[in-house]
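So the first sequence is numbered by my numbering: it starts at 195 and just counts up by one. Working notes, structure below.
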Amino acid sequence: MNIAKAKRLKRSFFNRPTLQVAEALLGKVVVFNGQYGIITETEAYFGDDPASHAAKGETPRTKLMFGEAGHAYVYLIYGMYYCLNFVTEKKGFPAAVLIRGVQLLDKTNVHLNGPGKLCRYFGITKEQNGVDIIESKDLYVLDIKKTCKFSVSPRIGIKVGLDKHWRFLAIES
DNA sequence: ACCCCGATCGTA
DNA sequence: ACGATCGGGGTT
Numbered sequence: 195m196n197i198a199k200a201k202r203l204k205r206s207f208f209n210r211p212t213l214q215v216a217e218a219l220l221g222k223v224v225v226f227n228g229q230y231g232i233i234t235e236t237e238a239y240f241g242d243d244p245a246s247h248a249a250k251g252e253t254p255r256t257k258l259m260f261g262e263a264g265h266a267y268v269y270l271i272y273g274m275y276y277c278l279n280f281v282t283e284k285k286g287f288p289a290a291v292l293i294r295g296v297q298l299l300d301k302t303n304v305h306l307n308g309p310g311k312l313c314r315y316f317g318i319t320k321e322q323n324g325v326d327i328i329e330s331k332d333l334y335v336l337d338i339k340k341t342c343k344f345s346v347s348p349r350i351g352i353k354v355g356l357d358k359h360w361r362f363l364a365i366e367s
């Protein structure tokens, strides 16, 4: 895996239908402060889906989901865990992809399975909320041009929108 | 000012 | 199965 030659994902990658982005992010590498994680699990939240934070309209917290694609949306959940999302689709349309799991590049035996574990290990907090991952020197995603086999399922930890199979899980090789 | 609850996780 | 822990957002 030639990380050194890998290029960052451009805004156009994120500025398209959220389900496409959620699927395409599998196998890409999220980078934060020199730490590398191969994305293994994602979930899509967009439009008027009742499970989305933005379902009831734009608020101070959710305004990022309505903003330009390619920004980080980080929120605190259950008073103790942060969750990392990447905003997708055109400005004005609320959408984001939740990063639920990564495999560490340099510790292949460590699998951070769960959005809270991922942020805790990487040290991602509210500080990263709103970061432009196309321009940031600290937080971005590398395109290693790998296509993944994957399965889909309902999203985790929600009580509504369970009819939508918008969770994408890379199949172990 | 108050109340409810959540895109989770570790322990039991 | 359940408790920890706290901010967002709606209601009084």
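Note that CB positions come from ideal geometry on N, CA and C, so glycine has one too. Since the structure is predicted, the reported quantities are computational estimates derived from the model, not experimental observations.
Cβ pair F226, D332 closer than 8 Å: Annotated as proximal: F226 and D332, with beta-carbon spacing under 8 Å.
For I233, three-class secondary structure by DSSP: Assignment of I233 by DSSP, reduced to helix, strand and coil, places it in the strand class.
Per DSSP, cross-strand counterpart(s) of F207: Looking at the DSSP output, F207 bridges to nothing.
Every unbroken beta strand (DSSP E) within the region 261-285, with a cutoff of 3 residues, ordered by chain: Within the region 261-285, the complete beta strand (DSSP E) runs of at least 3 residues are 266-271 and 275-281.
H359 burial status per 10 Å Cβ neighbour count (16 or more: buried): Exposed is the call here.
Cβ contact (3+ pairs, closer than 8 Å) linking the region 312-320 and the region 249-261: The region 312-320 vs the region 249-261: no contact.
Classification of K222 by the beta-carbon crowding that lies within 10 angstroms, buried from 16 upward: With 16 or more Cβ atoms within 10 Å of its Cβ, K222 is classed as buried.
V291 and L306 closer than 8 Å at C-beta: Annotated as distal: V291 and L306, with beta-carbon spacing of 8 Å or more.
Those residues which DSSP pairs with R202 across a bridge: Partner(s): L336.
Buried/exposed call for P211, threshold 16 Cβ in 10 Å: Within a 10 Å sphere around the beta-carbon of P211 sit fewer than 16 other beta-carbons, which makes this residue exposed.
Selection from R205, Y239, G355 and S206 that minimises the alpha carbon distance to R294: Per the Cα distances, Y239.
4 or more residues per run - each alpha helix (DSSP H) lying fully within the region 293-340: As far as the region 293-340 is concerned, its whole alpha helix (DSSP H) runs of at least 4 residues are 309-316.
Cβ pair G355, R361 closer than 8 Å: Contact: no.
Same chain, Cβ closer than 8 Å to G308, five either side skipped, listed in chain order: Cβ neighbours of G308 beyond the five flanking positions: R294 and G295.
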